[in-house]
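Working notes for the structure below.
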Amino acid sequence: MQNTSASTADTAAGPGPAPEDAARCRCGHPKGDHSDRRDHPSSPTVPRRPWCHACEGTCDYAPRGQEPEDIAESFATGAWEFTPAVVDVFPEHVRASVPYYDAIQDLVAEAADWLLPDDGLVADLGASTGTTVHRIAQRHPTRQLRASLYDQETAMLDRAAETLAGVSNLHVDYVPADIRRSPLGHQDANLTLALFTLQFLPLADRVHVLRQARHAAASTGALIVAEKVRPPDARWAEIAADASHDWKAAHGITDSAIRAKARALRGVLQPYPEVALVQAVHDAGWCCPEVLFRWHSWLVLGAFATPTGL
701 MQNTSASTAD TAAGPGPAPE DAARCRCGHP KGDHSDRRDH PSSPTVPRRP WCHACEGTCD
761 YAPRGQEPED IAESFATGAW EFTPAVVDVF PEHVRASVPY YDAIQDLVAE AADWLLPDDG
821 LVADLGASTG TTVHRIAQRH PTRQLRASLY DQETAMLDRA AETLAGVSNL HVDYVPADIR
881 RSPLGHQDAN LTLALFTLQF LPLADRVHVL RQARHAAAST GALIVAEKVR PPDARWAEIA
941 ADASHDWKAA HGITDSAIRA KARALRGVLQ PYPEVALVQA VHDAGWCCPE VLFRWHSWLV
1001 LGAFATPTGL
């Protein structure tokens, strides 16, 4: 497919790419590879119909001064997903987006002191870049540990493999799978994690996933779930929303990016009240649920496979 005259002008011969021709889109190709022909499909995020001839697809190229400042601004309403571009910035993005994210990671790693013995198995459902398992292994360098990391985004697991490559006391199975539709491949997990994973699933799927995890847990196994919940009272919900907004702003996210993320998550993030989460854990066969941490809408819940561990 030939370029339009406008895009041909962009690629005119010269001593080298001008500053305005530098790569500024998420696909990494320069301006000269892009056009805005009306017969090309539209980008969902930049209203200029940018078509990248190198990618043979639409991308998020934008003229100088119109580039998205935050990854969230690259998504249309209700279109948030964990793309390779999100993976590239995920560690920084999640720390700025989830209040007390590092404190929650430390809480989980500390709980492993009791819950994950030598040669123990941790199953991480929605492992993303492997941060949690990395912290656990670092905290327990004298224990030989095993981990099953599940994520439906292979780019996340690739990044997790990079993160965990130098960890000598850890054997890892990377499982690219949709945990709603694929059976879990591990058995007798001492510790099962679902950190900010279930909140993207409908309630029925959450129970299904938690039930699968219960069947794959050891009799002494434990579960730790972290997710955003919805306060049932509108007054607390307003306070929680504003407090979370303030947290993100204090950690470098602009107001426009906060609004963009909220729009992108419409219908994608599905927070339920705490009582619904506790009931889902019970319905899946876990017992003795206990709130381990809470900050407004952000909650960490622990549970055990059996009351006595027998």
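The sequence shown maps to residues 701 to 1010 in this note's numbering. Ideal Cβ positions, reconstructed from N, Cα and C, are used throughout, including at glycine.
In the three-state reduction of the DSSP assignment, Pro-784 falls in the helix class, which pools H, G and I. The DSSP-derived three-state label of Leu-816 is coil. Nearest neighbour of Leu-893 by Cα position, chosen from Ala-934, Ile-953, Ile-804, turns out to be Ile-804.
Note that the C-beta distance between Gly-921 and Ala-809 is not below 8 Å. Inter-segment contact for the stretch 944-953 and the stretch 908-926 is absent: fewer than three beta-carbon pairs are separated by less than 8 Å. Around the CB of Arg-906, 16 or more other CB atoms lie within 10 Å, so the residue is classed as buried. Bridge pairing for Thr-892: Ala-823, Leu-923 [DSSP]. At the C-beta level, Trp-998 and Val-798 come within 8 Å of one another. Note: Ala-917 is bridge-paired with Ala-889 in the DSSP secondary-structure output.
Under the three-pair Cβ rule at 8 Å, the stretch 856-863 counts as touching the stretch 779-794. Per DSSP, the beta-bridge partners of Arg-994 are Leu-999. A residue is called buried when at least 16 other Cβ atoms come within 10 angstroms of its Cβ; Glu-773 meets this threshold and is buried. Per DSSP, Pro-902 has no beta-bridge partner at all. At the C-beta level, Ala-957 and Ala-918 stay beyond 8 Å of one another. Close CB contacts of Ile-953 within its chain, under the 6 Å cut and outside five residues either way in sequence, are with Ala-796 (chain order).
His-908 is the residue among Phe-900, Val-867, His-908 whose C-alpha sits nearest the C-alpha of Ala-984. By the criterion of at least three beta-carbon pairs nearer than 8 Å, the stretch 862-880 is in contact with the stretch 838-846. Leu-898 is not a Cβ neighbour of Val-875, given a cutoff of 8 Å. Residue ranges of uninterrupted alpha helix (DSSP H) with 4 or more members, entirely inside the stretch 847-871 and ordered along the chain, are 854-864.
For Leu-845, DSSP records a beta bridge to Leu-870. Per DSSP, reduced to three states, the secondary structure at Pro-973 is coil, with no helix or strand assignment. Counting the other Cβ atoms within 10 Å of the Cβ of Ala-823 gives 16 or more, which makes it buried. Taking C-beta separations shorter than 6 Å and ignoring five residues to either side along the sequence, the partners of His-886 in its chain run Ala-823, Ser-848, Ala-916, following chain order. Between Ala-980 and Leu-923 a beta carbon distance of about 11 Å is seen, past the 8 Å cut, so the two are scored as non-contacting. Secondary-structure assignment with DSSP links Val-907 through no beta bridge to anything.
Rounded to whole angstroms, Ala-865 and Pro-931 show a C-alpha spacing of 40 Å.
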